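From first to last, the protein sequence lines stand for chains S and B. For the record, in the first sequence the residue sitting at position 420 is 420 according to the UniProt record's numbering, with numbers rising by one throughout. For the record, in the second sequence the residue sitting at position 70 is 70 according to the UniProt record's numbering, with numbers rising by one throughout. Reviewing the structure listed below.
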Amino acid sequence: MHPRNVWQALSRPGYALSAWPWRSAGYLLTGTLTGVVLLVGIVLSAVAGGVLALALVGLPLLLCTVLAGIPVAALERLRLRLVDPEPAPDPHEPPGDPGLRAWLTTRLRERATWREFGHALLFAGLLWPVDALALAVGLLCPLTVVATPVLLAVFGEAKVLKVWLVTGWPAAFGFALLGLVLLVLGAYLLGVVAGARAGLTRLLIAPREADLGARVVELARSRVRLVDAFEAERRRIERDLHDGAQVRLVALTMTLGLARLDAPPGPLADQLAKAHEEAGTALAELRELIHGIHPKVLADYGLEAAVTDAADRSAVPVDVDLELSGRLSQAVEAAAYFVVCEALANVGRHSGASRAEVSGGHRDGRLFLLVRDDGRGGARAGAGSGLTGLADRVSVLDGRLTLSSPPGGPTLLRVEIPCEPAS
Amino acid sequence: MRVDRPLRVVLAEDSVLLRDGLVGLLGRCGHEVVAAVGDAEALVTAVGEHAPDVVVTDVRMPPGFQDEGLHAAVRLREERPTLPVLVLSQYVQRRYAAELLDSGDGTGVGYLLKDRVGQVEEFVEALGEVADGGTVVDPEVVRQLLRRRRDPLERLTPREREVLALIAQGRSNGAIARELVVSEAAVGKHISGILMKLDLPPADETHRRVLAVLAYLRA
Numbered sequence: 001m002h003p004r005n006v007w008q009a010l011s012r013p014g015y016a017l018s019a020w021p022w023r024s025a026g027y028l029l030t031g032t033l034t035g036v037v038l039l040v041g042i043v044l045s046a047v048a049g050g051v052l053a054l055a056l057v058g059l060p061l062l063l064c065t066v067l068a069g070i071p072v073a074a075l076e077r078l079r080l081r082l083v084d085p086e087p088a089p090d091p092h093e094p095p096g097d098p099g100l101r102a103w104l105t106t107r108l109r110e111r112a113t114w115r116e117f118g119h120a121l122l123f124a125g126l127l128w129p130v131d132a133l134a135l136a137v138g139l140l141c142p143l144t145v146v147a148t149p150v151l152l153a154v155f156g157e158a159k160v161l162k163v164w165l166v167t168g169w170p171a172a173f174g175f176a177l178l179g180l181v182l183l184v185l186g187a188y189l190l191g192v193v194a195g196a197r198a199g200l201t202r203l204l205i206a207p208r209e210a211d212l213g214a215r216v217v218e219l220a221r222s223r224v225r226l227v228d229a230f231e232a233e234r235r236r237i238e239r240d241l242h243d244g245a246q247v248r249l250v251a252l253t254m255t256l257g258l259a260r261l262d263a264p265p266g267p268l269a270d271q272l273a274k275a276h277e278e279a280g281t282a283l284a285e286l287r288e289l290i291h292g293i294h295p296k297v298l299a300d301y302g303l304e305a306a307v308t309d310a311a312d313r314s315a316v317p318v319d320v321d322l323e324l325s326g327r328l329s330q331a332v333e334a335a336a337y338f339v340v341c342e343a344l345a346n347v348g349r350h351s352g353a354s355r356a357e358v359s360g361g362h363r364d365g366r367l368f369l370l371v372r373d374d375g376r377g378g379a380r381a382g383a384g385s386g387l388t389g390l391a392d393r394v395s396v397l398d399g400r401l402t403l404s405s406p407p408g409g410p411t412l413l414r415v416e417i418p419c420e421p422a423s
Numbered sequence: 001m002r003v004d005r006p007l008r009v010v011l012a013e014d015s016v017l018l019r020d021g022l023v024g025l026l027g028r029c030g031h032e033v034v035a036a037v038g039d040a041e042a043l044v045t046a047v048g049e050h051a052p053d054v055v056v057t058d059v060r061m062p063p064g065f066q067d068e069g070l071h072a073a074v075r076l077r078e079e080r081p082t083l084p085v086l087v088l089s090q091y092v093q094r095r096y097a098a099e100l101l102d103s104g105d106g107t108g109v110g111y112l113l114k115d116r117v118g119q120v121e122e123f124v125e126a127l128g129e130v131a132d133g134g135t136v137v138d139p140e141v142v143r144q145l146l147r148r149r150r151d152p153l154e155r156l157t158p159r160e161r162e163v164l165a166l167i168a169q170g171r172s173n174g175a176i177a178r179e180l181v182v183s184e185a186a187v188g189k190h191i192s193g194i195l196m197k198l199d200l201p202p203a204d205e206t207h208r209r210v211l212a213v214l215a216y217l218r219a
């Protein structure tokens, strides 16, 4: 198995002959070069910005200095691959709105931006000299020692590491051998420094596990909040229609009914009768509409009664065999109820079934629901089906919705939602 | 409109608009609303005070706007099993109707959609029926139940089911005969068929009709 990073490579035999020492050297070399450029850049822009800040024009420059940490970190993540190929994702979040202003406020609010700025300062001030030192000790010095015989041949004498004067060939080749040993030791030194350096960099500029975890939790929460808000809005609309429009329409039909009693037979009575009928139809339609938005029986009596009620309304005869020990949470009841309604509507519309069955119960901390019909099958939960949205709602509650509908039937819809009885 | 006898009514309805409308409507038809209240607690108190001939109440009422009115009605009938109660609901719901019919001995109760108050004559007729100990269930609930062809109703013929539906709506034998354009004797024959198939032993005729309706609702 190939080592996954320089640390793993260091513990394997044959490290010194592998590509890893050279990758480490490359990492440290590019680090040194970047560090020098960065130091010059930061010092220049900070000084210029600081001086010009007196005239306010320097402030954007100082801002740029802070934000310089971002491209530097991006480059570092790229360089990291030399010694640690595991991807280091970008810790920044996309700004909520388009435009420079939104981008700036998002970035300046993020902890990652400031961590990256700190990293850039550390890099420019401390890290690159360490890179350079490690390169000198781990690579350049052993190389010059190895090169002793060459130097002797060229200059007639060689001063190894500016300490030992070598004039004879035996000593020169002795130093060359020592140099090879040092080169191997240097390879390990380079690996250790590069590995430590990469670890520190990853710590500073890659998103932390905790951050990622927090973001996932936050996402899940925001989805739950959205569904809750949706549910609350449904109930509000239902209440508004019920207490407003429905009451007025009932009062209207009542008034029209009384007026009809008083009206003498004739065209006026006919008109009144027509108006009365229309108002009655409007009332019936409104009642169905309100029921579809949020059935009262679900709130008052819970899932079992609401499913029985939905079965009563179904065009296809439905057997209900549902056993729940108590009420479930509002969100679970609503999701389960609307799944059953949608399933029964599909049975009525598409399946050609002569009979359907809704069964289920609460077992092992889970609500199970099964909607089965004896229709022709071939149903899909894909595009255009109301089931997709319901599957999403079920998944928000950590539940699952599965559909099995081979051509020729039978169609089987299964819902499973983890939940505890509320009472 | 013909009114057999003027009734003393206690009315509970939280919407002022409908309450005033119903008071006017009942007054117009010769009945007297002795108390018109806006919540379930006041309803129970008013019934204690006035001992009315019949109670008319909404299902959804303050403070919770759930089924307070219905529960108040059920509670009232536990204390006074013969108190006639007509519940008005904005929903067609078998569950509400069943809870009401289970209270007391199932006689003198009605469950109607609010829409029906617009059909003034039918509404007042139903009120009279309930006050006289009859059982009235909204045709809409009945229609829903007819779709469910399950035991014990499976044994009934379509005609018998039709007759049972009309019984549930509070019709007399004569009214049923007129509606179905058959003789009253034929209606009687259908009814005894229904009672036999639903396993209701011969007893007081009115009471058995109620039991048949209950069997129908619980099916």
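Beta carbons are placed, not taken as given, at the ideal position from N, Cα and C, and that holds for glycine. None of the values given here were measured: they were computed from a predicted structure.
Simplified DSSP state of residue i, which is helix, strand or coil
i	result
Tyr111/B	strand
Lys159/S	strand
Arg202/S	helix
Ser351/S	helix
His89/B	As written in the sequence, residue 89/B is Ser, which differs from the His given in the question. The answer is strand: DSSP assigns Ser89/B an E or B state.
residue 439/S	This structure does not reach residue 439/S, given that chain S is present from 1 up to 423, and the question cannot be answered.
Asp97/S	coil
Asp58/B	strand
Leu52/S	helix
Leu165/S	strand
Tyr15/S	coil
Val57/S	coil
Pro89/S	coil
Arg159/B	helix
Straight-line gap, residue i to residue j (C-alpha atoms, nearest Å)
i	j	result
Leu7/B	Arg80/B	18 Å
Leu185/S	Ala25/S	13 Å
Ile290/S	Phe230/S	15 Å
Trp117/S	Val181/S	The sequence given here places Phe at residue 117/S; Trp does not occur at that position. Looking at the two C-alpha atoms, the distance is approximately 40 Å.
Glu278/S	Pro265/S	19 Å
Ala345/S	Ala353/S	12 Å
Thr388/S	Asp373/S	19 Å
Ala220/S	Val396/S	7 Å
Leu161/S	Pro13/S	29 Å
Gly174/B	Ser192/B	15 Å
residue 443/S	Asp58/B	Look at the range of chain S in this structure, 1 to 423, and you will see that residue 443/S is not part of it.
Pro410/S	Ser404/S	8 Å
Asp53/B	Arg380/S	58 Å
Arg2/B	Thr255/S	Summary for Arg2/B: the model assigns pLDDT 45, below 50, so the residue's position carries little reliability; its value from the coordinates is reported in the next sentence. Arg2/B and Thr255/S: Cα-Cα distance of roughly 19 Å.
Asp131/S	Val193/S	8 Å
residue 476/S	Ala88/S	Here chain S has residues from 1 to 423 only, and residue 476/S is not among them.
Arg149/B	Pro317/S	Residue placement at Arg149/B cannot be trusted, given a pLDDT of 49 that sits under 50; the coordinates are not used to answer.
First through last residue of the beta strand (DSSP E) which encompasses residue i
i	result
residue 427/S	Missing from the structure shown is residue 427/S; chain S here goes from 1 to 423 and no further.
Glu416/S	411 to 418
His362/S	356 to 363
Glu184/B	First-last for Glu184/B: 184 to 197, but that is the alpha helix (DSSP H), not the beta strand (DSSP E).
Glu32/B	32 to 37
Asp321/S	318 to 323
Arg8/B	8 to 12
Val137/B	135 to 137
Endpoints, the alpha helix (DSSP H) within which residue i is located
i	result
Ser404/S	Premise fails: Ser404/S lies in the beta strand (DSSP E), 400 to 404, not in any alpha helix (DSSP H).
Ala345/S	330 to 346
Thr388/S	386 to 396
Thr82/B	Counting along the chain, Thr82/B falls outside any alpha helix (DSSP H), and DSSP gives it neither H nor E.
- Check distances from the C-beta atoms of the segment 275 to 305 of chain S to those of chain B and list, in chain order, the residues that come in under 9 Å. His276, Ala279, Gly280, Leu283, Ala284, Arg287, Ile290, His291, Pro295, Lys296, Val297, Ala299, Asp300, Tyr301, Ala305
- Query: Between the segment 214 to 244 of chain S and chain B, which residues of the former have CB atoms less than 8 Å from a CB of the latter, in chain order?
  - Reply: Arg239, His242, Asp243
- Residues from the segment 103 to 122 of chain B in contact with chain S, defined by Cβ distance under 7 Å: Lys114, Asp115, Val117, Gly118, Gln119, Val120
- Message: Between the segment 388 to 405 of chain S and the segment 17 to 34 of chain B, can you find at least three pairs of beta-carbon atoms closer than 8 Å?
- Response: no
- Query: Can at least three beta-carbon pairs, one atom from the segment 103 to 118 of chain S and one from the segment 61 to 73 of chain S, be found at a separation below 8 Å?
  - Reply: yes
- Message: Along the segment 254 to 274 of chain S, where does the CB come closer than 8 Å to a CB of chain B? Name the residues.
- Response: Met254, Thr255, Leu256, Gly257, Leu258, Arg260, Leu261
- Message: When you compare the segment 323 to 333 of chain S with the segment 289 to 303 of chain S, are there three or more beta-carbon pairs, one atom per stretch, that lie closer than 8 Å?
- Response: yes
- Flag this pair as touching only if the segment 2 to 12 of chain S and the segment 80 to 95 of chain S have three or more C-beta atom pairs under 8 Å; answer yes or no. yes
- Message: Any contact between the segment 227 to 246 of chain S and the segment 98 to 112 of chain S? By contact I mean 3 or more CB pairs, one from each, below 8 Å.
- Response: no
- Members of the segment 18 to 35 of chain B that neighbour chain S once the beta carbon cut-off is set at 8 Å: Leu18, Gly21, Leu22, Gly24, Leu25, Arg28
- Task: For the segment 76 to 102 of chain B, enumerate the residues whose C-beta is nearer than 8 Å to any C-beta of chain S, in chain order.
- Result: Gln90, Tyr91, Val92, Gln93, Arg94, Arg95, Tyr96
- Can at least three beta-carbon pairs, one atom from the segment 95 to 106 of chain B and one from the segment 68 to 75 of chain B, be found at a separation below 8 Å? yes
- Message: With three or more beta-carbon pairs closer than 8 Å as the criterion, would you say the segment 267 to 277 of chain S touches the segment 128 to 138 of chain B?
- Response: no
- Query: Looking at chain S, which residues of the segment 123 to 144 of chain B have a Cβ within less than 7 Å of any of its Cβ atoms?
  - Reply: Gln144
- Message: Check whether the segment 26 to 41 of chain B and the segment 81 to 91 of chain B are in contact - that is, three or more C-beta pairs closer than 8 Å.
- Response: no
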